[in-house]
Amino acid sequence: MSQSMNASAYLLDRRIEAGLGERTAVVEAGGRLDYRTLHRRVESAASQWRAAGLRPEERVVLYAADSADLLVALLSVLRCGAIAVPAPAFYTAGELAAVLHDCRARVLVVGDTQGEQTRQALAQDLPDLRAVVFTGEPEFRPPDRLTWFLWREFLRQAESPSGPDDAAPDRTTEDSPALWLYTSGTTGTPKAAMHRHGSIRFVAESYGRQVLGLGETDRCFSVAKLSFAYGLGNSCFLPLAAGAAAVLEPARPTAAVVARRLVADRPTVFFGVPTSYAALLREPDIAADVFASVRLAVSAGETLPAELHRRVRDRFGVDLVDGLGSTETLHIFLSNRPGRTRPGSTGAAVPGYRLRVVAEDGSPAPVGRPGTLHVRAPSAATGYWGRVAEGWRVFHGAWVNTGDLVTRGADDHYTYLGRTTEVIKSGGLWVSPAEVEAHLLRHPGVGQAAVVAAPDADGLDKPVACVVAAADASLDPDDLREFCHAGLPAFKRPCRVLVVDALPTTGNGKLRREAVRAMVIDLLAAAAASNTDDAASGEEP
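Residue numbers for the sequence shown follow the numbering used here, beginning at 3 and rising by one.
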């Protein structure tokens with residue numbers, strides 16, 4: 003039988019019991035919250051949830067930008083034994099309605115900038131939804147079938163001298179459901195990965211404490227938002243479990259926004275993605291000492307090329323701690339170690355996790371040979387909600403098929419090559435986009451690169467590169483093709499190189515490869531049409 007455990011109590015109550023209530027827990031543009039205030043607000047909201055009739059294991063969708071209110075809402079839902087379902091603040095009305103319908107949400111919490119999308123979503127058929135909670139002033143009146151509340155009502159008891167009523171943690175266990183996290187959907191339809199209360203403690207103790215060494219003096223800032231597994235760990239589970247502070251930013255993490263918060267709030271730990279580091283490098287006006295307060299800079303979410311790692315270190319003086327995680331494992335399970343990073347390597351297993359590399363025929367892949375990464379993860383999801391067959395392809399007993407293509411070195415360090423679904427078969431041979439991208443980044447004028455498959459004139463998939471120029475650089479596609487010709491075997495060379503202003507990314511800052519591929523196909527089609535028109539008019543193409 004699993005042990006009693008509530009993630010909200012684990013993250014907050016221990017701080018109060020240890021007499022650390024005065025320490026800063028949350029930093030946002032409008033001010034700071036200490037642990038005592040955060041704890042009282044979570045208790046007050048939990049009491050109000052119960053008074054409103056929320057029952058254990060009912061789903062609450064949280065649709066808001068990062069803020070202390072969102073953090074309180076999430077932790078109070080966990081405290082009640084209900085299930086928190088974060089939804090990215092950039093979701094469209096259709097995407098929000100799909101999540102509400104799929105998870106059979108009972109309650110929707112709405113941020114103060116999501117009003118119009120929410121209004122449109124609520125016009126759709128959502129038979130399970132019973133209530134809406136507005137964190138700001140409502141911009142519309144919900145349909146009559148729904149009860150609605152103002153978030154400030156949930157915080158009313160936080161100032162009561164006697165404290166909130168009925169605010170004790172629910173009788174959850176390590177195996178009780180806590181979170182449903184929807185996969186980012188960069189390559190397919192989002193699915194809800196179901197996570198337990200115990201997994202939250204595991205990622206905090208394994209990666210947060212044993213790898214990063216987080217402590218009470220740390221201040222954590224993440225470009226990934228609370229609605230994603232990576233950001234949720236970075237801005238909630240890891241800092242609160244360590245008694246550290248979380249720096250929250252509601253805006254999209256542009257280079258300017260990130261630089262401003264780095265200077266203003268002086269975080270000691272920064273969680274980025276390769277795209278965010280590349281964006282900082284492209285801005286010549288960002289000071290070289292922008293990371294002056296940072297003792298650890300983490301990178302995850304996509305491939306970190308060795309050349310990008312080197313450029314960040316040379317310009318900003320920080321060494322990137324590269325790692326790999328997934329929504330299905332809740333957070334990072336494979337990582338370099340601070341002070342012992344290897345550019346180009348993703349590192350070794352995080353304590354408590356076991357890894358194996360599987361060849362196409364299901365046998366163990368030899369050292370140095372590519373294969374699919376499987377991880378035995380104590381923090382693994384229990385499955386996908388309502389997607390049993392898809393879950394069978396990913397979850398194999400205690401093992402998770404990550405869908406990541408890697409190689410293992412003799413010293414059990416791993417190199418990430420990309421997603422198995424992204425590998426390109428060209429001329430009968432497999433091409434790793436990450437390898438081609440890494441080569442392109444060695445060109446001094448390239449700031450970002452993405453390689454995808456696109457059909458040639460014969461309808462056969464070939465690698466095509468999209469590149470963004472580095473700061474103050476100009477790029478010539480012919481020059482880049484020559485650069486690839488000199489450094490790559492023929493089957494790995496991009497058949498076309500397209501110079502673009504920007505690459506599409508998710509709200510989490512990760513590259514949207516399907517969108518890149520669609521962009522490439524459109525650009526190639528436009529170029530072909532232009533050549534046809536020129537030929538018809540007798541002009542030289």
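C-beta atoms are modelled at their ideal positions from N, C-alpha and C, and glycine is treated no differently.
Heavy atom of the ligand GDP within 7 Å of residue i beta-carbon
i	result
M196	Because no ligand of any kind appears in the structure shown, any question about the ligand GDP cannot be addressed here.
Check whether residue i and residue j have beta carbons under 8 Å apart
i	j	result
A308	P345	yes
E24	R38	yes
R453	V466	Per the sequence shown, residue 453 should be read as Val rather than Arg. In this structure, V466 lies closer than 8 Å to V453 by Cβ.
G235	L332	yes
L336	G325	yes
L131	L110	yes
A455	R495	no
A544	V74	Since the displayed the chain opens at 3 and closes at 543, residue 544 lies outside it and no answer follows.
D406	L357	no
L214	V259	no
C468	V502	yes
V323	L298	yes
S381	V205	yes
H103	L128	yes
Q116	A66	yes
Y386	A517	no
L2	L505	What the structure shows of the chain is the stretch from 3 to 543, and residue 2 is not part of that stretch, so it cannot be assessed.
V369	G341	no
Local Cβ density within 10 Å of residue i, reported as buried at 16 or more and exposed below that
i	result
R154	exposed
T189	For T189, the predicted structure reports a pLDDT of 46, less than 50, and the residue's modelled location is therefore unreliable. The matter cannot be settled from this model.
E330	buried
A391	exposed
W182	buried
G485	According to the sequence shown, residue 485 is Phe rather than Gly. Buried is the call here.
S532	exposed
P192	buried
L72	buried
V225	buried
S4	exposed
T508	buried
W51	buried
L462	exposed
A231	buried
E118	exposed
E362	exposed
Euclidean distance between Cα positions of residue i and residue j
i	j	result
G187	S162	Confidence at G187 is low in this model, with a pLDDT of 49, below 50, so its placement is unreliable and the value that follows should be read with caution. Straight-line Cα distance between these residues: approximately 43 Å.
T409	V438	16 Å
S49	V135	15 Å
P479	F493	18 Å
C238	D220	13 Å
A95	S6	38 Å
A100	A9	27 Å
T174	Y93	31 Å
V377	V396	11 Å
S229	A471	31 Å
L490	L240	41 Å
R371	G364	13 Å
A70	L250	8 Å
P527	A440	Residue identity check: residue 527 is Ala in the sequence provided, not Pro. Rounded to the nearest angstrom, the two C-alpha atoms are 27 Å apart.
P446	A367	35 Å
A280	I523	24 Å
L22	D414	40 Å
A473	A290	14 Å
V360	T422	12 Å
D15	R57	22 Å
R498	G373	28 Å
Host alpha helix (DSSP H) of residue i (start-end)
i	result
A123	G117 to L124
I202	H199 to V205
A266	A257 to D267
L157	First-last for L157: undefined, no H or E at that position.
Whole-Å CB distance - residue i paired with residue j, under 8 Å assumed
i	j	result
A383	H197	5 Å
L13	A350	With a Cβ gap of about 27 Å, L13 and A350 do not count as contacting.
A86	L64	6 Å
T343	T417	With a Cβ gap of about 13 Å, T343 and T417 do not count as contacting.
G83	E59	7 Å
A436	T305	4 Å
V292	A261	5 Å
L525	L500	6 Å
G420	V275	No, G420 and V275 are not in contact; Cβ-Cβ is about 15 Å, not under 8 Å.
R43	L157	5 Å
V296	V320	6 Å
L98	T120	7 Å
Terminal residues of the beta strand (DSSP E) in which residue i lies
i	result
D481	Unbroken run through D481 is the alpha helix (DSSP H), P479 to G489; no beta strand (DSSP E).
L181	P179 to Y184
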